[in-house]
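Please read the structure below before turning to the comments.
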Amino acid sequence: MKKATIMMRTQCCTTQKFFCTSPPYLTPQQLPQPMETHLWYMIPNEVKDQKLINRYLEILSPCEKDSIFRMCDEELRKRAILARALVRTTIARYQINSQPLISPRSLKFRKNAYGKPEVYWEQNDECHPPPLHFNMSHTSSLIACGVSSRFPIGIDVEDKHRVTKHSVSSFAKRYLTEHEIQFLTSFKDPIVQQQEFIKLWTLKEAYVKALGKGFSGAPFKTFTISSGHYSDARNSSSKASNIRVDSANDPINCTTNWQFILLELHSSHYAAICTGNDCPAEGERSNSMKVTVRKTIPFCEDRDVSETGAMAVLSGLT
655 MKKATIMMRT QCCTTQKFFC TSPPYLTPQQ LPQPMETHLW YMIPNEVKDQ
705 KLINRYLEIL SPCEKDSIFR MCDEELRKRA ILARALVRTT IARYQINSQP
755 LISPRSLKFR KNAYGKPEVY WEQNDECHPP PLHFNMSHTS SLIACGVSSR
805 FPIGIDVEDK HRVTKHSVSS FAKRYLTEHE IQFLTSFKDP IVQQQEFIKL
855 WTLKEAYVKA LGKGFSGAPF KTFTISSGHY SDARNSSSKA SNIRVDSAND
905 PINCTTNWQF ILLELHSSHY AAICTGNDCP AEGERSNSMK VTVRKTIPFC
955 EDRDVSETGA MAVLSGLT
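Per the numbering used here, the very first residue in the sequence shown carries number 655; after that it's consecutive.
Below, the structure written as structure tokens:
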């Protein structure tokens with residue numbers, strides 16, 4: 655196989671929506687505000703133009719390309735290209751004030767002690783990188799990248815109809831806390847129980863990724879995710895998320911230092927975002943996280959779906 659390109663059995667899309675002959679462009683973005691996150695996502699099945707896929711391949715590093723070319727499955731290779739391209743193009747959008755300007759191809763990454771990727775900024779007098787944190791997650795049918803500017807961020811996306819190899823009760827006993835097990839067993843309808851399990855799992859994944867430790871560094875049995883609902887004082891007709899985390903390892907700081915938001919994307923996926931939080935004074939409620947969601951095909955199309963039917967904010971676990 656030639657490494658200059660990667661041939662896949664893809665069908666060119668003839669609509670202007672997905673086929674681009676114009677020069678590559680990325681819409682510049684201002685950094686999220688301190689209590690705001692941006693979530694960018696793409697649908698792999700909507701990227702069908704081989705020329706566009708090859709354009710994404712061109713912005714990847716040699717190491718990324720080598721890793722992709724070692725994959726035997728064509729669909730896995732395609733999703734890997736899209737995931738890495740989404741991260742690079744997303745981060746590059748926020749470099750509007752950087753001198754010199756940073757292109758998606760020039761970005762460098764490193765991993766922390768637990769394997770979480772982060773941008774590696776070369777320290778010199780001419781480079782002034784933005785205070786940007788990112789995290790990505792993907793399934794076979796959706797890829798997402800989250801961005802925050804003040805606190806670390808963790809995201810996870812899961813297919814709403816994900817089928818688990820073992821029963822929910824079997825997974826719960828192995829990975830979840832006693833409180834979470836009791837919560838799931840309270841649902842007698844197996845379909846509802848499965849949905850709540852997926853939402854809970856998504857929230858726990860987002861939390862350990864925000865910690866920067868992942869599953870191995872923060873086993874799921876060492877902390878509990880729970881939620882309730884409260885009316886937003888500024889709008890009595892709305893509900894805000896009140897998802898909390900309690901940890902046996904850090905019972906004092908765990909709950910107030912992190913905040914969550916749970917979304918439904920594209921009517922087919924759950925997405926959880928976890929990011930740091932300014933600890934409120936005693937008796938005060940922490941500021942709610944604001945999230946802006948954009949659907950993208952990098953170099954072709956960006957669309958804000960925050961106020962559309964493509965995205966819904968869930969008030970928490972049922």
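Glycine included, each C-beta is placed from N, C-alpha and C at the ideal position. A quick note: this is a predicted structure, and the numbers were derived from the prediction, not measured.
Exercise for the section: Note the first and the last residue of the continuous alpha helix (DSSP H) segment covering GLN722. Expected result: Note that residue 722 is Ile in the sequence shown, not Gln. First-last of the alpha helix (DSSP H) with ILE722: 716-723.
Practice task
Could you spell out where the alpha helix (DSSP H) holding THR972 opens and where it closes?
Solution key: Segment: none, THR972 is in no alpha helix (DSSP H) and carries neither H nor E.
Handout entry: Classification of GLY769 by the beta-carbon crowding that lies within 10 angstroms, buried from 16 upward
Key = It is exposed - the Cβ of GLY769 has fewer than 16 other Cβ atoms within 10 Å.
Exercise for the section: Pull up the CB-CB distance for ILE809 and LYS867, whole angstroms please, since I reckon it's below 8 Å. Expected result: With a Cβ gap of about 15 Å, ILE809 and LYS867 do not count as contacting.
Exercise for the section: Measure how close the beta-carbons of VAL945 and ILE915 come, nearest whole angstrom, since I'm counting them as under 8 Å. Expected result: Contact between VAL945 and ILE915 holds: CB atoms are separated by about 6 Å, below the 8 Å threshold.
Handout entry: Which listed residue (GLY871, LEU854 and TYR924) has its alpha carbon closest to that of ARG898
Key = The shortest Cα separation from ARG898 among GLY871, LEU854 and TYR924 belongs to LEU854.
Exercise for the section: At 4 residues or longer, and completely inside the region 789-822: list those alpha helix (DSSP H) runs for me, N to C. Expected result: As far as the region 789-822 is concerned, it has no whole alpha helix (DSSP H) run of at least 4 residues.
Practice task
With GLN849 as the anchor, note down where its alpha helix (DSSP H) starts and where it stops.
Solution key: Looking at the DSSP string, the run of the alpha helix (DSSP H) that includes GLN849 is 844-865.
Handout entry: Proximity below 8 Å, CB of MET696 to CB of LYS858
Key = For the pair MET696 and LYS858, the CB atoms are not nearer than the 8 Å cut-off.
Problem - Coarse secondary structure for HIS920, derived from DSSP in three states - result: It is coil, neither helix nor strand.
Handout entry: Chain-order list of residues whose beta-carbon lies under 6 Å from that of ARG759 (same chain, five-residue window excluded)
Key = Contacts found: ILE713.
Exercise for the section: Could you tell me whether the Cβ atoms of ILE745 and VAL773 are closer together than 8 Å? Expected result: Going by C-beta atoms, ILE745 is nearer than 8 Å to VAL773.
Exercise for the section: Grab the span of the beta strand (DSSP E) containing TYR695 for me, first residue to last. Expected result: For TYR695, the enclosing beta strand (DSSP E) covers residues 690-696.
Handout entry: Beta-carbon gap between PHE851 and LEU838 smaller than 8 Å
Key = Cβ distance < 8 Å, so PHE851 and LEU838 count as in contact.
Problem - Distance between PRO844 and PHE800 (C-alpha atoms, nearest Å) - result: A small fix is needed here, since residue 800 is Gly in this sequence, not Phe. About 31 Å.
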